[in-house]
Amino acid sequence: MTHLTTAGQIPIGASSGFNLYAYTPVRGMRHSEIEEVARDFGR
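The numbering of the sequence shown is this note's numbering, which starts it at 11 and goes up by one.
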């Protein structure tokens, strides 16, 4: 998992939540982002 300052935005995850080991909030992926990742996975 990365941090806001590394990613340049709030990191994304399969679901929203936070990292138990270091304060790193994440936002859930948007439907369009899930489709994009699934489409790009096969390339």
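Each residue gets a CB set at the ideal place from its N, CA and C atoms; glycine is no exception.
These numbers come from a predicted model, not from an experiment.
Between residue i and residue j, what straight-line distance do the alpha-carbon atoms span, to the nearest angstrom?
i, j, result
"Gln19", "His13", "8 Å"
"Glu46", "Gly23", "14 Å"
"Arg49", "Leu30", "30 Å"
"Phe51", "Arg40", "17 Å"
"Thr16", "Arg37", "15 Å"
"Pro21", "Tyr33", "12 Å"
Can you tell me whether residue i is helix, strand or coil according to DSSP?
i, result
"Ile22", "strand"
"Arg40", "coil"
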